[in-house]
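Remarks on the structure that follows.
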Amino acid sequence: QNQKVPESTEITIPKLQIGMSKKFIFHYDYSLVTALDLNIRFEQNNDIISTSFASINPALGFEFGYTDLVFLRAGVGNFQNELQIDNSEHLTFQPNFGLGFKYRGIQIDYAFTDIGDQSAALYSNIFSLKLDFSIFR
Numbered sequence: 023q024n025q026k027v028p029e030s031t032e033i034t035i036p037k038l039q040i041g042m043s044k045k046f047i048f049h050y051d052y053s054l055v056t057a058l059d060l061n062i063r064f065e066q067n068n069d070i071i072s073t074s075f076a077s078i079n080p081a082l083g084f085e086f087g088y089t090d091l092v093f094l095r096a097g098v099g100n101f102q103n104e105l106q107i108d109n110s111e112h113l114t115f116q117p118n119f120g121l122g123f124k125y126r127g128i129q130i131d132y133a134f135t136d137i138g139d140q141s142a143a144l145y146s147n148i149f150s151l152k153l154d155f156s157i158f159r
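Reminder that position 70 of the sequence shown reads as 92 in my numbering, one-by-one numbering, no gaps.
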């Protein structure tokens with residue numbers, strides 16, 4: 023049977039993402055990128071910093087690179103104050119790990135999320151492929 027679309031208006035609450043990063047070069051071949059992001063939503067929810075006006079969820083990440091060819095990544099984010107059955111709050115977070123390769127305009131990345139089952143989220147294996155078409159000019 024066909025279902026009727028409900029007559030309502032869906033409103034998306036705005037959000038703001040602020041981030042900064044710094045790249046350090048060691049001995050020409052090695053690099054370290056550090057990054058800090060603040061994901062701000064204009065609503066009250068279970069984020070680690072939450073007021074009636076906005077909630078802030080920080081994320082921190084690192085990328086160690088070798089000759090701009092191989093990359094090892096680690097990060098943590100998705101900090102939540104999870105309500106327990108006894109009405110107490112428990113801080114959960116999501117650690118992540120990744121590995122990447124980049125060669126002549128082709129980049130392959132792998133990420134494994136929620137290492138150690140630290141949050142309510144499920145494990146995820148994420149693969150991505152990026153192509154830089156400017157190398158074909």
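Using N, Cα and C, we set each Cβ at its ideal position, and we do this for glycine too.
Residues that residue i bridges to, as DSSP identifies them
| i | result |
| --- | --- |
| N103 | L113 |
| A81 | D59 |
| N147 | F134 |
| N118 | G97, T135 |
Span of the beta strand (DSSP E), counted from its first residue to its last, around residue i
| i | result |
| --- | --- |
| Y44 | The question names Tyr, yet the displayed sequence has Lys at residue 44. 37-48 is the span of the beta strand (DSSP E), which, as asked, contains K44. |
Residue environment, residue i, which counts as buried when at least 16 other CB atoms sit within 10 Å
| i | result |
| --- | --- |
| Q25 | exposed |
| G87 | buried |
| F48 | exposed |
| T89 | exposed |
| F123 | exposed |
| N100 | buried |
| Q106 | exposed |
| D51 | exposed |
| T31 | exposed |
Contact set for residue i: own chain, Cβ-Cβ below 7 Å, skip 5 residues either direction
| i | result |
| --- | --- |
| S72 | Q66 |
| K45 | S53, V55 |
| S150 | D131 |
Pair within 7 Å by beta-carbon distance, residue i and residue j
| i | j | result |
| --- | --- | --- |
| L60 | I35 | no |
| G127 | D108 | no |
| L58 | L82 | yes |
Sequence-distant residues of the same chain with beta carbon closer than 6 Å to residue i, five excluded per side
| i | result |
| --- | --- |
| A96 | F84, F119 |
| E104 | H112, T114 |
Contacting residues, own chain, Cβ-Cβ under 8 Å from residue i (five flanking each side not counted)
| i | result |
| --- | --- |
| K37 | N61, I62, R63, F64 |
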